[in-house]
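J.: To start, I am sharing the structure in question, which I have written as C-alpha cells.
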Amino acid sequence: MILKKQKYAFILSLFLILIVSIIALAHNPIPYSIDWTNTNLITTDNIWSVSGELGVRGYSGADTPVVPGTNARTVLPESLILNVKANQTNPDALVEGGVAEFEIANPTIALKGSDTAHAPYINVLVDSRGLTNIRFRANVRDLSTVNDAVQQVAVQFRYREDETGPFTDVPEAYIADATQGGTATQVTPIDVILPPLANGHISLEIRIMTVNAVGNDEWIGIDDIIVTGITSTPRRVFDFDGDGRSDVSVFRPSDGGWYINQSMNGFTGIAFGQAGDKIVPADYDGDGKTDVAVYRSGTWYLNRSLAGFTAIGFGTAEDIPQPADFNNDGRAELAVFRPSSGTWYVLNLLTNQFSFVQFGQNGDKPVVADYDGDGKADYAVYRNGEWYILRSSQGFIGIQFGETADRPVPADYDGDGKADVAVFRPSNGTWYLNRSTAGFAGIQFGITTDVPAPADYDGDGKADLAVFRDGAWYLQRSTAGFTGVAFGTTNDKPVPNAFVP
1 MILKKQKYAF
11 ILSLFLILIV
21 SIIALAHNPI
31 PYSIDWTNTN
41 LITTDNIWSV
51 SGELGVRGYS
61 GADTPVVPGT
71 NARTVLPESL
81 ILNVKANQTN
91 PDALVEGGVA
101 EFEIANPTIA
111 LKGSDTAHAP
121 YINVLVDSRG
131 LTNIRFRANV
141 RDLSTVNDAV
151 QQVAVQFRYR
161 EDETGPFTDV
171 PEAYIADATQ
181 GGTATQVTPI
191 DVILPPLANG
201 HISLEIRIMT
211 VNAVGNDEWI
221 GIDDIIVTGI
231 TSTPRRVFDF
241 DGDGRSDVSV
251 FRPSDGGWYI
261 NQSMNGFTGI
271 AFGQAGDKIV
281 PADYDGDGKT
291 DVAVYRSGTW
301 YLNRSLAGFT
311 AIGFGTAEDI
321 PQPADFNNDG
331 RAELAVFRPS
341 SGTWYVLNLL
351 TNQFSFVQFG
361 QNGDKPVVAD
371 YDGDGKADYA
381 VYRNGEWYIL
391 RSSQGFIGIQ
401 FGETADRPVP
411 ADYDGDGKAD
421 VAVFRPSNGT
431 WYLNRSTAGF
441 AGIQFGITTD
451 VPAPADYDGD
461 GKADLAVFRD
471 GAWYLQRSTA
481 GFTGVAFGTT
491 NDKPVPNAFV
501 P
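Below you can see the structure in the form of C-alpha cells.
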C-alpha cells in the first residue's frame with residue numbers, strides 16, 4: 001500500500017461547492033459580561049452599536065399589547081421595535097416608558113412599562129455552542145423614588161438561529177416585584193441556570209422583560225450582566241447511556257430489534273425498525289446520548305431519548321444517510337449523500353434550515369467526520385484509496401491512503417479531537433491509521449470476514465480497534481486493553497459499524 005499524503009490543488013476544479021444557508025447574526029462568545037459604567041456605549045436614541053456590537057439590544061414592546069398587570073411570564077412574543085433613550089439623568093423625571101440609558105452615579109440600562117411600551121425588554125445575545133449549564137446573572141435595581149408599582153421582571157430565552165418565534169420563560173428567575181415605594185435602593189439579584197435547551201446554539205437570546213403595571217410604573221435598572229457556561233464533554237458516538245463510553249450494541253434486521261449492552265446502565269432492548277432499514281444512530285436532541293434511529297427510503301424515524309419520537313421525510317431511496325453535527329451545536333443534523341450527483345443535503349432540526357453542498361461523484365463512499373477538530377463535521381469522500389476532505393476550518397485536502405478494497409474507518413485514534421484517516425484491510429485483517437498527532441500505525445487485528453466497529457469503548461477519548469464476528473466482539477481498547485464479548489448473532493448488524501462503507 002502506498003501511504004503518501006499530499007494536497008491536490010487541482011482537485012478543487014472538480015468540485016462545485018454550493019452552500020445554501022442563512023447566515024445568522026454573530027453573537028458574543030461566552031463568557032460574556034457587561035455593565036454600563038462606560039456611558040459612551042450608548043450615545044444616540046435607538047442605536048445599540050455605536051461602539052460595535054454590544055451584545056445587547058433593547059425593544060419597546062409597543063407592538064406587544066398586554067393588559068396592565070399581566071403576568072410577565074406569559075408574555076412570550078417578540079417585539080420588532082428597537083428602543084433606547086440615551087443620555088438620561090433622572091429616572092423620576094422620565095415619564096415615557098420603554099428602554100433607557102441613565103447616566104447617573106451608577107450608570108445603567110433600565111426598563112419601564114407604560115400604556116404604549118407594553119412589554120419592554122433587553123436581549124442579551126450570546127453564542128452557547130460547545131457549552132452546557134448556561135448561567136445568567138444580573139442585578140435588578142429600583143431607580144424610582146416617587147412611584148410604587150408592582151414591577152415584575154421575567155427572564156426568557158430562545159435559540160432559533162433565524163431569530164424568529166416566541167421565547168421560553170424561565171420560572172426560577174421571575175421577580176414578582178422588583179421595586180419598593182419611596183426609595184431607590186432595592187437591588188434584586190438574578191442567578192439562574194437556563195434549561196438544557198439553551199445549550200449549544202450559535203444564536204442564543206436571553207431577554208429580561210417587564211410589563212406595564214397597574215398604576216404608575218417605575219424604572220428598573222438591569223445591570224452587572226454575566227453569562228457563563230461549562231465546556232461540553234466531547235460527544236462519544238454510539239453511547240446510549242451518556243456515560244462517555246461507546247456501547248456494544250447490535251441491530252437485528254429479522255425482528256427490527258436493537259440490543260444494547262450499555263456500559264453503565266446494562267442491557268436494554270427496543271423494537272424499532274424493520275428488515276431493509278439503514279440504521280442511523282446519533283444524538284439528535286443534544287442530551288449526550290445516542291438515539292435509536294433508522295432511515296427508510298427517504299424517511300427518518302428517530303426515537304430520541306429526550307425529545308421523543310418523530311418521523312421526517314428528507315432524502316430519497318438512493319441516498320446514503322450520514323447524520324452528523326455540522327454546526328457544533330451538540331446535535332446531529334439530518335444529512336444524506338446522493339451518489340448520482342455527488343451532492344450532500346443537510347437539514348438542521350432546530351431551525352428547519354436546509355443546505356446542500358456538491359462534493360464528490362458517483363461511486364464515492366461518504367466518510368463524514370470532524371477532521372480538523374473544530375467541533376464541526378466535515379464533508380468527505382473515499383474513492384479507491386483516495387480521501388477528499390472539505391474541512392470546515394482548514395479547507396480542502398486530498399490524501400492518498402489505502403487501497404480499493406479497503407474499508408475506510410475514520411475516527412479519533414490518538415485523542416487529539418481530530419478524526420484520523422484510517423482503513424481496515426480485510427485481506428490481511430490489518431488496520432492502517434494515519435493519526436493526525438501520533439503518526440502512522442499498522443496493527444493486525446481481525447480476519448478477512450470480520451466487520452470493523454471502531455469506537456471509544458473505554459471512554460479515554462481515543463477510538464479503539466474493534467471487530468464483530470458471528471456474534472462475538474473483539475475489542476482492543478487503548479487504555480483498558482483487550483477484551484472479548486459474546487453479544488449478538490451471526491446476522492446482526494453491529495451498531496458502531498453503521499457508517500462504515
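For the sequence shown, the working numbering gives the first residue as 1, with consecutive numbering after it. Note that CB positions come from ideal geometry on N, CA and C, so glycine has one too. Note that this is a predicted model, so its numbers are computed, not measured.
What is the DSSP secondary structure of THR449, counted as helix, strand or coil?
T.: The answer is coil: DSSP assigns THR449 none of H, G, I, E or B.
J.: Relative to the alpha-carbon of ASP329, which residue among ILE202, TRP300, ARG236 has its alpha-carbon at the smallest distance?
T.: For the residues ILE202, TRP300, ARG236, the minimum Cα distance to ASP329 belongs to ILE202.
J.: In the DSSP output, which residue or residues are listed as bridge partners for ILE122?
T.: Beta-bridge pairing links ILE122 to GLY58, ILE208.
J.: So TYR174 and GLY488 are in contact, right, with Cβ under 8 Å, and what is the actual spacing, rounded?
T.: Actually they are not in contact, since the Cβ atoms of TYR174 and GLY488 sit about 51 Å apart, beyond 8 Å.
J.: Ordered along the chain, which non-local residues of its own chain (more than five positions away) have a Cβ less than 7 Å from that of VAL421?
T.: Closer than 7 Å at Cβ, skipping near neighbours: TRP387, ILE399, PHE401, PRO410, ASN434.
J.: So what's PRO171 in DSSP terms, helix, strand or just coil?
T.: Three-state result, PRO171: helix.
J.: Which residues in the same chain as VAL269 place their Cβ atom closer than 8 Å to its Cβ, once the five residues preceding and following it in sequence are excluded?
T.: Reading off the sequence, residue 269 comes out as Gly, not Val. Answer for GLY269: GLY257, TRP258, TYR259, ILE260, listed in chain order.
J.: Can you tell me whether ILE47 is buried or exposed, with buried defined as 16 or more other CB within 10 angstroms of its CB?
T.: Looking at its Cβ environment, which holds fewer than 16 other Cβ atoms inside 10 Å, ILE47 is exposed.
J.: In angstroms, rounded to a whole number, what distance separates the CA positions of VAL237 and THR44?
T.: Distance between the alpha carbons of VAL237 and THR44: 50 Å.
J.: In terms of residue numbering, what span does the beta strand (DSSP E) encompassing THR43 cover?
T.: Here THR43 belongs to no beta strand (DSSP E), and DSSP marks it neither H nor E.
J.: For TYR345 and ASN491, I'd like the C-alpha separation in whole angstroms.
T.: C-alpha separation (whole angstroms): 31 Å.
J.: Bridge partners of TRP473, per DSSP?
T.: PHE468, VAL485.
J.: What's the C-alpha gap between ASP162 and GLY182?
T.: Unreliable positioning characterises ASP162 in this predicted model, as indicated by a pLDDT of 46, which lies under 50. A coordinate reading is not provided.
J.: Going by CA-CA distance only, name the one from LEU41, GLN444, ASN362 that's closest to PHE102.
T.: If we check each option's Cα against that of PHE102, LEU41 comes out closest.
J.: DSSP three-state call for ALA184: helix, strand or coil?
T.: ALA184: coil per DSSP, three-state reduction.
J.: Pairing CB atoms from the segment 70–86 with CB atoms from the segment 142–158, are three or more of them under 8 Å?
T.: In short, these stretches touch, since the Cβ pair count reaches three.
J.: Name the DSSP bridge partner or partners of LEU131?
T.: Beta-bridge pairing links LEU131 to THR231.
J.: Only counting the same chain, and skipping five residues up and downstream in sequence, which positions put a Cβ closer than 7 Å to that of LEU465?
T.: Cβ neighbours of LEU465 beyond the five flanking positions: TRP431, ILE443, PHE445, PRO454, GLN476.
J.: With DSSP as the reference, label LEU197 as helix, strand or coil.
T.: DSSP places LEU197 in helix when its eight states are reduced to three.
J.: Suppose you measure from the CA of ALA498 to the CA of LYS112; what does that come to, to the nearest Å?
T.: Each residue's Cα considered, the two are about 56 Å apart.
J.: Skipping 5 residues on each side, what residues in its chain have a beta carbon closer than 8 Å to that of GLY229?
T.: Contacts found: ILE30, PRO31, SER128, LEU131, THR132, ASN133, ILE134, ARG135, ASN199.
J.: Note down the Cα distance separating GLU205 from GLY375, rounded to an integer number of angstroms.
T.: C-alpha separation (whole angstroms): 22 Å.
J.: What are the boundary residues of the beta strand (DSSP E) that includes THR316?
T.: Run containing THR316: none; DSSP gives neither H nor E here.
J.: Beta-carbon within less than 8 Å of THR449's beta-carbon, same chain only, minus the 5 sequence neighbours each way: which residues are those?
T.: Taken in chain order, the residues that qualify are PRO426, ARG469.
J.: Which residues share a DSSP beta bridge with LYS462?
T.: Answer is none; LYS462 lacks a bridge partner.
J.: Which residue wins for smallest C-alpha separation from SER297, given the options LYS289, ARG304, TYR284, GLU318?
T.: Cα-wise, what sits closest to SER297 is GLU318.
J.: According to DSSP, simplified to helix, strand and coil, what is ALA405?
T.: Here ALA405 sits in coil by DSSP.
J.: For LEU16, I'd like the list of residues in its chain whose CB is within less than 6 Å of its CB, leaving aside the five on either flank, ordered along the chain.
T.: Confidence at LEU16 is low in this model, with a pLDDT of 29, below 50, so its placement is unreliable and no value can be given for it.
J.: I need the DSSP call for PRO166, collapsed to helix, strand or coil.
T.: In the structure shown, PRO166 sits in coil (DSSP, three-state: anything other than H, G, I, E or B).
J.: Measure the C-alpha to C-alpha separation of GLY484 and VAL280 and round it to an integer number of angstroms.
T.: Distance between the alpha carbons of GLY484 and VAL280 is about 25 Å.
J.: Flag this pair as yes or no: are the beta carbons of GLY69 and ASN83 separated by less than 8 Å?
T.: No. Outside cutoff.
J.: Along the chain, where does the beta strand (DSSP E) containing GLN151 start, and where does it finish?
T.: Premise fails: GLN151 is in no beta strand (DSSP E) and is neither H nor E.
J.: My understanding is that VAL211 touches VAL192, with C-beta atoms under 8 Å, so please give their C-beta distance in whole angstroms.
T.: Wrong, their Cβ atoms sit about 19 Å apart, outside the cutoff.
J.: In angstroms, rounded to a whole number, what distance separates the CA positions of VAL20 and GLY342?
T.: Confidence at VAL20 is low in this model, with a pLDDT of 29, below 50, so the placement of that residue is unreliable and no value is reported for it.
J.: Please check the pair ILE220 and ALA178, which I expect to be a contact at CB under 8 Å, by giving their CB distance rounded to whole angstroms.
T.: Yes, ILE220 and ALA178 are in contact; Cβ-Cβ is about 5 Å, under 8 Å.
J.: Hey, quick one: how far does the beta strand (DSSP E) through ALA377 stretch, first residue to last?
T.: Unbroken run through ALA377: none, as it is neither H nor E.
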